[in-house]
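Peer 1: Okay, here's the structure, questions in a sec.
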Amino acid sequence: MQPIDYEKEKKEILNRYRSLLRVNADRLSKSDKKIIRKAFNVAVEAHKDMRRKSGEPYIYHPIAVAHISAKEIGLGTTSIICSLLHDVVEDTDYTLQDIKKNFGKKYALIIDGLTKIQDVFDKNVSMQAENFRKMLLTLSDDVRVILIKLADRLHNMRTLENMTKSKQLKIASETLYLYAPLAHRLGLYSIKTELEDLGLKFTKPEVYKAIAEELKATKEERKKYILKFSKPIRTKLKENNLDFSITGRPKSIFSIRNKMVKNSINFEDIFDKFAIRIIVDSKLELEKSNCWKIYSIVTDFYKPNPDRLRDWISTPKANGYESLHTTVMGEDGKWVEVQIRTKRMDEIAEKGYAAHWKYKQQNDKENSLDSWIEKIRELLNNPENNAIDFIDDFKLNLYSGEIYIFTPGGDLKTLPKGSTALDFAFEIHTDIGLKCMGVKVNGKLVSLSYKLQSGDQVEVITSDKQRPREDWLRFVVTSRARSKIKSALREDKKVIAVIGKEIAERKLKHLKLKLTNQIETELIKYFNTRTSIDLYFRFGTSAISNSEIKEFVQFQKRGWYQTIKNKFYSQSTTSSKEKDLKKIIVFDDNDEVLDYKMAACCNPIAGDQIFGFLTVNDGIKIHRSDCPNAIQLRSNFAYRLIDAKWISKNEIDFIAAINIKGIDNVGVMNKVTQIISNQMHVNIKSINITSNDGIFEGVITLKVHNVTFLKALTNKLKKIEAITSITRTYKHH
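What follows is the structure, encoded as structure tokens:
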């Protein structure tokens, strides 16, 4: 290890600080610079003996967060100061009182919101979900907390290489699951894109590297195409005396990968790998007409796809995003996406909420982003919302498209795409939603689960006798509707639980057992309910039978040990194959041998990258690292994850499924089965193939020994001329 050059580090710290000041040089007054310097000195002193995992001085991190807050999000002096001090209270001896005394109350409030939560939470609730919920509570006070937190997360993602592999996976999964969608919802498109790409880089490094290399290899070709494509447009825009700029940019690696997975296609088959952006400098009152004028010029040269026109100028997105998008046919039959917007719109698109506030005075209209934040506050202020429930409801509305619905009076309401008639009722008012018994769409009576389309006119029919039902939660889409239905159901549940408690007391008394606080706790454990209300609700709805109550009483008399022992010994003997299966995976750094089951959602096979997940009722489940549920599990339940690895070469059979596509030539499936059964000697568990218009597609479920064997098999199948693609899939029959 090289000795530390403290003088060199000191110079680098000052250089980074000066670079930070240059970002907002034209906006900083003398007093601004003075208080920023004060915050910088406090941060340097507080973190002087601290280093990051990379070995760098810790102070590099708060300076970088302040730089991102100022340059990439467009925040001002207050946010720069809070960014510099954001880890001081958590990691050093400085207190919030010190911050309040030296800088003022508003700074202390923001830093309090930024300080990580250290409490020990209920084991049934994800710590990360609770942290995230508490972070979002700051929306009630100051949205800058969230924006600085996103800057903090972005810098941590940029420097993630220095963390352990398991830490990288956890942080990257959390980023993809919650932080990237939140950046998107707040209109921070550049940050959202970078968070997604970095998230992919650390969760699926091979996929990320392959796409990045493809983009690099085609960079010059794209550059030439963009120049050629934009040449006639530039000439015409100059003739119209418009002040404009034209740039071309590749689509993000994350979005390209999503298209490849969604459409089961290769990189070369994606037609819109880049977009052309035309930005015009325009007066506010001429913005709309100038954007449509540019659209007209573009479509004079290139034929547009009418299905791909998106007008977010007339009806901006909920996060404030305004732009005109079209896809046109360029030379050589290539589709090209063109985005048209003004300088103001572009700043809002890149810097989101911060830019929205900057321009708000110029336009008094209530922005739908304000409405969204108000709805999140409403969700957060519901004290009965479990953190996981909150995150689930919150995520529902992060990435949704939008539809526009009219009330009978002609008012326009914005809802997430896929919203139902009942969602609309809750959008009007909570009481109308709870009492909704019917809905008319365009004058015709429809079911409450009817999915609305943009332009529908909706009338809600209510009744005082109507009560919310559990099955409503199956089809409502908006977080507002879900939250209100859950609250109402909880109130109903409490009423039934009161009756249920009386039933429980009576039945236990009959069996000579008194319902004490201790017995209540034991009942909750025994019947696997989360709360006493859940327990007594089950009693109140007769979901717990008399025989089950008798078993519980016997259980109390015998004690835990004997009952559990009996349960284990009563299980049927396992086959030799199953016994072998229990010997091929070990856990943690100590190579500990534990019981486990293979997760049905992803069917791991020997050689796959795996991890263990401790379930509530079903022991340890083994998942593939790229399981569809992996990101959610790592993000919400990090404390239940266990490192796992394969140790045995035993030839155990695992279930694996492959998705196969190709041209439906005569004898092609015969060739496939010949290779599988005769050449590779693999047992086929099931085949499900459909053919349409000369193309076949389907899933073949196999029994294979390990991932290497599966790859060898798929490589052989790919050599069949009529096969166009083979991928491993999670679906199996």
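For the sequence shown, position 190 (counting from the first letter as 1) is numbered 1366 according to our numbering, and the numbering increases by one without interruption. In this text, a Cβ means the ideal position worked out from N, Cα and C, and glycines have one as well. Predicted, not measured: the structure shown is a model, and the values here were computed from it.
1. Please state if the CB of I1860 and the CB of I1130 are separated by a distance shorter than 8 Å.
2. Considering only the beta carbon of each residue, do A1775 and C1803 sit closer than 8 Å?
3. Report, in whole angstroms, the separation of the C-beta atoms of N1416 and K1479, which I expect to be a contact under 8 Å.
4. Can you check the stretch 1343-1420 for any beta strand (DSSP E) of at least 3 residues that lies completely inside it and give the ranges in chain order?
5. Where does A1936 fall in DSSP's three states?
6. Are the stretch 1242-1251 and the stretch 1263-1270 touching, with three or more C-beta to C-beta distances below 8 Å?
7. Excluding five sequence neighbours on each side, which residues of the same chain lie with their C-beta closer than 8 Å to the C-beta of D1640?
8. So does the stretch 1424-1435 actually touch the stretch 1368-1384, counting three or more Cβ pairs closer than 8 Å?
9. Is the beta carbon of L1500 less than 8 Å from the beta carbon of R1517?
10. Tell me, please, whether the stretch 1625-1642 touches the stretch 1598-1612 by the rule of three or more beta-carbon pairs shorter than 8 Å.
11. Return the CA-CA distance between I1293 and S1259, expressed in angstroms with no decimal places.
12. Could you pull the start and end residues of the beta strand (DSSP E) that G1788 belongs to?
13. To the nearest angstrom, report how far apart K1187 and V1220 are at their CA atoms.
14. Which of the three DSSP states is assigned to H1331 in this structure?
15. Is it buried or exposed for I1839, if we count other Cβ within 10 angstroms and need 16 for buried?
16. Using the Cβ count rule (16 or more neighbours within 10 Å means buried), how would you classify T1849?
17. Which of the three DSSP states is assigned to F1216 in this structure?
18. Does DSSP put G1424 in a helix, in a strand, or in coil?
19. On a CA-only basis, which of K1821, H1857, F1830, I1871 is nearest M1845? Give me that one, please.
20. Identify, in the order they occur along the chain, each residue of the same chain with its Cβ nearer than 8 Å to the Cβ of R1398, setting aside the five sequence neighbours on each side.
21. Let's see if you can read the secondary structure: which residues bound the beta strand (DSSP E) around E1513?
22. Measure the CB-CB distance between K1281 and T1254 and report whether it falls below 8 Å.
23. Would you kindly work out how many angstroms separate the C-alpha atoms of L1598 and L1790, rounded to a whole number?
24. Alpha carbon to alpha carbon, how far is F1420 from N1439? Give it in angstroms, no decimals.
25. Below 8 Å on the Cβ atoms is my guess for R1810 versus S1349; work out the distance and round it to an integer in Å.
26. Looking at the unbroken alpha helix (DSSP H) that takes in P1592, where does it start and where does it end?
27. Name the DSSP bridge partner or partners of N1882?
28. Helix, strand or coil for I1896, going by three-state DSSP, please let me know.
29. Under a three-way DSSP split, which group does S1595 fall into?
30. Considering only C-alpha positions, which residue in the set T1900, V1474, D1819, T1335 is nearest to G1231?
31. Is it the case that the Cβ atoms of I1446 and D1522 are separated by a distance below 8 Å?
32. With a CB to CB cut of under 6 Å and the five nearest residues on each side skipped, what residues in its chain are close to K1616?
33. Would you mind working out which of D1288, K1683, A1388, T1707 sits nearest E1727, comparing C-alpha positions?
34. Is the stretch 1641-1658 touching the stretch 1687-1702 in the sense that three or more CB pairs, one from each, lie closer than 8 Å?
35. Excluding the five sequence neighbours on either side, which residues of its own chain have a C-beta within less than 6 Å of the C-beta of R1329, listed in chain order?
36. Would the beta-carbon of A1359 fall within 8 Å of that of L1374?
Peer 2: The answer reads as follows:
1. Because the chain here runs from 1177 to 1909, residue 1130 falls outside it and cannot be looked at.
2. Cβ distance < 8 Å, so A1775 and C1803 count as in contact.
3. Taking the Cβ atoms as the reference, N1416 lies roughly 21 Å from K1479, outside the contact range of under 8 Å.
4. Within the stretch 1343-1420, no complete beta strand (DSSP E) run reaches 3 residues.
5. Summary: the structure shown does not reach residue 1936, with the chain confined to residues 1177 through 1909, and so no result is reported for it.
6. With the cut-off at 8 Å, the stretch 1242-1251 and the stretch 1263-1270 do not touch.
7. Leaving aside the five residues that flank D1640 on each side, the residues in its chain whose CB is nearer than 8 Å to its CB run, in chain order, K1611.
8. Yes: at least three Cβ pairs fall under 8 Å.
9. Taking C-beta atoms as the reference points, L1500 and R1517 count as a pair closer than 8 Å.
10. Short answer: they touch.
11. Confidence is the limiting factor: at I1293 the pLDDT is only 34, short of 50, which leaves the residue's position unreliable and the question unanswerable from this model.
12. Where G1788 is concerned, the enclosing beta strand (DSSP E) stretches over 1786-1790.
13. So the two alpha carbons sit approximately 13 Å from each other.
14. Helix.
15. Under this definition I1839 is an exposed residue.
16. Under this definition T1849 is an exposed residue.
17. In the structure shown, F1216 falls within a helical segment according to DSSP collapsed to helix, strand and coil.
18. Residue state, collapsed to three classes: strand.
19. Answer by Cα proximity: I1871.
20. Closer than 8 Å at the Cβ level, and outside the excluded window around R1398, lie G1424, P1426, K1449, F1450.
21. Counting along the chain, the beta strand (DSSP E) containing E1513 begins and ends at 1511-1518.
22. No, Cβ-Cβ distance for K1281 and T1254 is not below 8 Å.
23. One C-alpha to the other measures close to 37 Å.
24. Per the coordinates, the alpha-carbon of N1439 lies some 36 Å from the alpha-carbon of F1420.
25. Yes, R1810 and S1349 are in contact; Cβ-Cβ is about 4 Å, under 8 Å.
26. Going by DSSP, P1592 is part of no alpha helix (DSSP H) but of the beta strand (DSSP E) stretching over 1588-1592.
27. The partner list for N1882 (beta bridge, DSSP) reads A1782.
28. DSSP, read as helix, strand or coil, puts I1896 in coil.
29. Of the three classes helix, strand and coil, the one that applies to S1595 here is coil, per DSSP.
30. Closest option to G1231, judged by alpha-carbon separation, among T1900, V1474, D1819, T1335: T1335.
31. The answer is no: Cβ separation not under 8 Å.
32. E1635.
33. Distances from the alpha-carbon of E1727 to those of D1288, K1683, A1388, T1707 put K1683 closest.
34. Between the stretch 1687-1702 and the stretch 1641-1658 there are fewer than three inter-stretch CB-CB distances shorter than 8 Å, so the stretches are not counted as touching.
35. Sequence-distant partners of R1329 (beyond 5 residues in either direction) whose C-beta falls short of 6 Å from its own C-beta, in its chain, are Y1355.
36. The Cβ atoms of A1359 and L1374 lie no closer than 8 Å to each other.
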